[in-house]
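Every letter in the sequence shown is one number past the one before it in UniProt numbering, and letter 94, counting from 1, is 94. Structure first, then comments.
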Amino acid sequence: MATVHGVDGRLIICASSKNRFDVKCASSSVPLPKKNSSEENTKDSKNNGIGDSSCQVLCSAVSNCGSVLAVGTSEKTAVIIDSKSLQLRRAFRIPKAPTSITFDKDNTHVVIGDRAGHVCRYTVEASQKSGYVDMNGEDSPYEGEPLSSAISMVLDVAISQDGRYLLAADRDEKIRVSRYPQAFVVQSFCLGQSAYVGSLAVHGDHVFSSGGDSIVYEWDVESGKPVAQSEKLSEDPVRRVCVLPKGDLFNVVAAAGKALHVLDDKLHLIKNIETPSDIMDITTHEGNIVAVSSLLNSLRVLKEQIFETSDTYKLAANAGVFTLDVNDGAVKTLTVPSELAEALSSAKDPISNYFKNVTHQNMVDYYKRKAEKIENVKENQGRKRKAKEQRRKAAKRLAAEAEVAC
């Protein structure tokens, strides 16, 4: 996985190299929480991939003040880093693999959603507390505070700009809006998408969303009512949505496959722009859109790298980092260090497809399995009847032989 953030004239890219900051080393050094048995610890260690070079960046976020970077990894850890010096501030373990991460309004907590449908928050500064009762009423040895839980995988989380609401997008085509931090109070649901909701972008008191149906929706956060929606942008699912301010107006940009789709503030499509390769993440930077892509080869090592942007651009296919001028549609590739280009080329998408395997074929398969099961039951019953008849005949023969012997 590769992610990008624009901070104070710089770009922070999370990719697969260890030139500046090796997140894998930081993740592996975090002790496992105390469990009830050594067997559980061993199982957790295997699941977290300690000592395995396949550690991946799953999500990342920069604080509202721009001074802190938070990264979630496939080793079930979250790493807090100073965004300017890239010095480790702290790292901690989380119960499940994270899918999304964000900061709250005052930057004191990171909010993390995971594949199990849980949303918890953790302090940015080191915490002395460990252990809590989770949403299922079970004791958890991890630090943190549970906020909400669902039976569906949480794919993105966001905090409203006024800090009052927590938004959680999931695989069940909905956005849940809860009061923050009292997330047990549900404010609204944003319903209407026909596939999973994979990305959220908050703007004012509205939120833009998209995902598997490749349609961008605008919602009123407080009421959950739809405001506008775009046409279907692509056959590919939308990976990321972001808002690009333009004076009093703004553009909404959606990344899907190898294309960037630029929409106006009414979600009318302005232009489609082809890019060199599949886009993994986009961000706004100095009035433009910056995108990172990956060739989706095997991921070797995990890293964080930061570099200064330059006014000099070099156009090249598959370089990994490129800028988009939404005014003229020009796509220019950034000249980046060779190690970063190699890192991006080896980044891997942890889950490439969030679509549910629900089709008419499921019913056909069900009836096929049912027929096979009925046939097996009939065969078993036939064998049992045959065996019973054989036993009856054998008993009758033995009885007859006994009579003759007498």
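Quick reminder that beta carbons are idealized off the backbone N, C-alpha and C, glycines included.
| said: Taking the beta carbon of L299 as the centre, do at least 16 other beta carbons fall within 10 Å, making it buried, or is it exposed? | reply: Low local confidence applies: a pLDDT of 28 at L299 is under 50, so the model's placement there is unreliable, with the coordinate-based value given in what follows. Burial call: buried.
| Is the Cβ-Cβ distance between L200 and S194 less than 8 Å? | no
| field | Close Cβ partners of V336 (< 6 Å) along its chain, the five nearest in sequence each way excluded | value | V321
| said: Measuring only the C-alpha atoms, how far is K332 from I273? | reply: 12 Å
| query | Is it true that the CB of L166 sits closer than 8 Å to the CB of S149? | reply | no
| field | Which listed residue (S234, R171, R164 and D170) has its alpha carbon closest to that of D205 | value | For D205, the nearest C-alpha among the options comes from R164.
| Does the region 145-160 come close enough to the region 96-103 that 3 or more CB-CB pairs lie under 8 Å? | yes
| Proximity to L260 [Cα-Cα], best of G247, L11, C242 and L249 | C242
| query | Under the criterion of a Cβ to heavy atom distance below 7 Å, does L200 qualify as lining the ligand FMN? | reply | By its list of ligands, the structure shown contains no ligand whatsoever, and the ligand FMN lies outside what it can speak to.
| query | Alpha carbon to alpha carbon, what distance is there between V79 and K314? | reply | In this prediction, K314 has a pLDDT of 31, which is less than 50 and means its spatial position is unreliable; nothing more can be read from the coordinates.
| message | Determine whether the beta carbon atoms of D170 and V197 lie at a separation below 8 Å. | response | Result yes, Cβ atoms of D170 and V197 sit closer than 8 Å.
| said: According to DSSP, H203 sits in a beta bridge with which residue or residues? | reply: Partner(s): H206.
| query | Excluding the five sequence neighbours on either side, which residues of its own chain have a C-beta within less than 6 Å of the C-beta of P98, listed in chain order? | reply | L58, C59, G72, I112 and D114
| query | Do S63 and D82 have their C-beta atoms within less than 8 Å of each other? | reply | No.
| Excluding the five sequence neighbours on either side, which residues of its own chain have a C-beta within less than 7 Å of the C-beta of K271, listed in chain order? | V262 and G329
| Endpoints, the beta strand (DSSP E) within which A256 is located | L249 to A256
| Expressed to the nearest angstrom, what Euclidean distance is found between the alpha-carbon atoms of A399 and Y367? | 48 Å
| query | Which ranges would you report for the beta strand (DSSP E) in the region 53-85 if only whole runs of at least 3 residues count? | reply | Unbroken beta strand (DSSP E) stretches of 3 residues or longer found wholly inside the region 53-85: 57-62, 68-73 and 77-82, given in chain order.
| Local Cβ density within 10 Å of P245, reported as buried at 16 or more and exposed below that | exposed
| message | Excluding the 5 residues flanking G117 on each side, which residues of the same chain have their C-beta closer than 8 Å to its C-beta? | response | S149, A150, I151, S152, M153, V154 and D170
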